[in-house]
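Heads up, the thing below is written out as structure tokens.
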Amino acid sequence: KVIDVDNFNAIRIGIASPEQIRSWSNGEVKKPETINYRTLKPEKDGLFCEKIFGPTKDWECYCGKYKRVRFKGIICERCGVEVTRSRVRREKMGHIELAAPVAHIWFVKGVPSRMGYLLDISPKDLEKVLYFAAYIITELDGEKRAQDALKLEREHQEYLANIQRAHEDRIREIIEERDRRIEALKEERVSGSDGGEDEVSPGNSSLEPEIAQIMKEAEKEIAEEKEYVEELLYYARHAYDTFQRLKVKDLISDERLFKEMKERF
Numbered sequence: 001k002v003i004d005v006d007n008f009n010a011i012r013i014g015i016a017s018p019e020q021i022r023s024w025s026n027g028e029v030k031k032p033e034t035i036n037y038r039t040l041k042p043e044k045d046g047l048f049c050e051k052i053f054g055p056t057k058d059w060e061c062y063c064g065k066y067k068r069v070r071f072k073g074i075i076c077e078r079c080g081v082e083v084t085r086s087r088v089r090r091e092k093m094g095h096i097e098l099a100a101p102v103a104h105i106w107f108v109k110g111v112p113s114r115m116g117y118l119l120d121i122s123p124k125d126l127e128k129v130l131y132f133a134a135y136i137i138t139e140l141d142g143e144k145r146a147q148d149a150l151k152l153e154r155e156h157q158e159y160l161a162n163i164q165r166a167h168e169d170r171i172r173e174i175i176e177e178r179d180r181r182i183e184a185l186k187e188e189r190v191s192g193s194d195g196g197e198d199e200v201s202p203g204n205s206s207l208e209p210e211i212a213q214i215m216k217e218a219e220k221e222i223a224e225e226k227e228y229v230e231e232l233l234y235y236a237r238h239a240y241d242t243f244q245r246l247k248v249k250d251l252i253s254d255e256r257l258f259k260e261m262k263e264r265f
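Letter by letter, the sequence shown follows residues 1 to 265 of the UniProt record's numbering.
Structure below.
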């Protein structure tokens, strides 16, 4: 039965499923390039690829091995392009395998936003999640969190204490390394000098610049260590406090905070 495409009562537009898109596709587009500006030919596996969409010239494959209509329907074993008319490029389709799921604009935009209405979140928050600007909490066991409250508090305090202990050990190491370097410098100067102790006395001007440099480096390391530990403690406390009041559909914009909660809780 022939369908009269000019005579219809209604039209329905829908979004094709991934399986249906793959069934229509003649190949996967793997590159964002269109044409090679040196040869002016479509790039292989690009958006204009002849292997996927068809030849740019009638009855001629990409590499030029097959030319003329007598080779109609042959697929070139060298370039993989079918010998046919160039107008098939208007009909053939390809597909792109996405690295991450996407949301169709029909479901996101519009008033009201269909997806936002379904999930009961504002369009602004929905956009943050869709564009990977924030994480959204989809599931949370509030009862278990309440049951383990004392255990979580104890583990949290132990975690903070461990950070503090590691910090103190590191400061001690820096100071010991500083003192060792200064002592080694003095011993080296004593062994290399013909004079007595006067030449390596604390007030000796020849040693002062080098000792000052060692002290400066140690102070810098200590300051960096303190800054690092303060940041660790901040995120440890912030993650614990945030987790205590966390609810389903809450957004977390700070990636480090989210990872801290994910690792610990």
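Just so it is clear, CB atoms sit at the ideal spot from N, CA and C, and this is done for glycine as well.
Exposed unless 16 or more other CB atoms sit within 10 angstroms - verdict on residue i
i    : result
P55  : buried
M93  : exposed
I52  : buried
L126 : buried
Y234 : exposed
G142 : exposed
V81  : buried
M215 : exposed
G116 : buried
P42  : buried
E183 : exposed
E260 : buried
For residue j and residue i, believed in contact at Cβ under 8 Å, the rounded distance
i    : j    : result
W106 : I15  : 7 Å
Y62  : E50  : 5 Å
F48  : T34  : 5 Å
I136 : V129 : 5 Å
E221 : L185 : Actually they are not in contact, since the Cβ atoms of E221 and L185 sit about 17 Å apart, beyond 8 Å.
V83  : E60  : 7 Å
L160 : V248 : About 28 Å; that fails the 8 Å criterion.
S113 : P123 : 5 Å
L251 : A134 : 4 Å
F258 : F243 : Going by Cβ atoms, the distance from F258 to F243 rounds to 11 Å, so no, they are not a contact pair.
I3   : H95  : In fact, because the Cβ distance is near 27 Å, the residues do not count as touching under 8 Å.
For residue i, the residue or residues it bridges with in DSSP
i    : result
M93  : S25
K67  : E60
L251 : I136
Test item: CB-CB of residue i and residue j under 9 Å
i    : j    : result
I174 : E227 : no
C79  : K67  : no
A236 : I121 : no
H167 : Y240 : no
D58  : S86  : yes
Ordered list of alpha helix (DSSP H) runs contained in the segment 72-126, each at least 4 residues: 105-108, 114-119
task: With a floor of 4 residues, list each alpha helix (DSSP H) that falls wholly inside the segment 16-62, ordered by position along the chain.
output: Runs found: 18-24, 50-53.
Segments of 4+ residues assigned as alpha helix (DSSP H) that fall wholly inside the segment 148-173: none
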